[in-house]
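Note sheet for the following structure.
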Amino acid sequence: MGQLLGRSETLLGLLECVVMICWGIWKNRNEIRHSGKDRRGTAIVKSSITLLDEFQAAIVKQMMLGPHKSEVGQYKVNTDGVVFTKRKWVGFGVAVHNSKGEA
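For the sequence shown, this note's numbering assigns the number 17 to the initial residue and increments by one for each residue that follows.
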């Protein structure tokens with residue numbers, strides 16, 4: 017808890033911390049159910065806050081770099097996919113943009 021209380025947070029930042037800790041508790045519950053591994057509360061809080069810090073650092077870095085547009089005459093292709101094993105479903109998406117960012 018010291019990690020959480022020692023941070024100077026805005027209300028939004030505090031909410032982000034609380035949400036991440038709730039996610040950490042949920043993740044720990046699933047680990048107990050599926051593998052029998054249990055973690056201490058302090059470890060859950062520490063790893064949740066560390067993950068939030070890493071995510072925020074990556075977002076800031078990405079925002080500083082800005083979106084990468086393709087060169088004139090070239091296209092940028094973004095893809096994403098998902099597999100739902102239990103339902104035996106798959107999904108796939110593609111987005112193609114020109115150098116002006118138009119789809």
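Cβ atoms here follow ideal geometry from the backbone N, Cα and C, with glycine treated the same way. Model, not experiment: these values are computed from the prediction.
Taking its Cβ as the centre, do 16 or more other Cβ atoms sit within 10 Å of residue i, making it buried, or is it exposed?
i: residue 15; result: The structure shown does not extend to residue 15, since the chain is modelled only from 17 through 119, so no value can be given for it.
i: residue 61; result: buried
i: residue 38; result: exposed
If you draw a straight line from the alpha carbon of residue i to that of residue j, how long is it in whole angstroms?
i: residue 40; j: residue 76; result: 23 Å
i: residue 115; j: residue 94; result: 14 Å
i: residue 11; j: residue 57; result: Shown here, the chain extends from 17 to 119; a query on residue 11 therefore has no answer.
i: residue 45; j: residue 53; result: 9 Å
i: residue 49; j: residue 110; result: 36 Å
i: residue 88; j: residue 74; result: 28 Å
i: residue 101; j: residue 90; result: 36 Å
i: residue 112; j: residue 98; result: 19 Å
i: residue 92; j: residue 86; result: 6 Å
i: residue 107; j: residue 33; result: 32 Å
i: residue 65; j: residue 27; result: 16 Å
i: residue 72; j: residue 105; result: 32 Å
i: residue 103; j: residue 96; result: 19 Å
i: residue 47; j: residue 31; result: 24 Å
Mapping the DSSP letters down to three states, classify residue i as helix, strand or coil.
i: residue 116; result: coil
i: residue 69; result: helix
i: residue 88; result: coil
i: residue 95; result: strand
i: residue 52; result: coil
Can you tell me which of the options puts its alpha carbon nearest to the alpha carbon of residue i?
i: residue 67; options: 43, 87 and 98; result: 43
i: residue 36; options: 69, 103 and 96; result: 69
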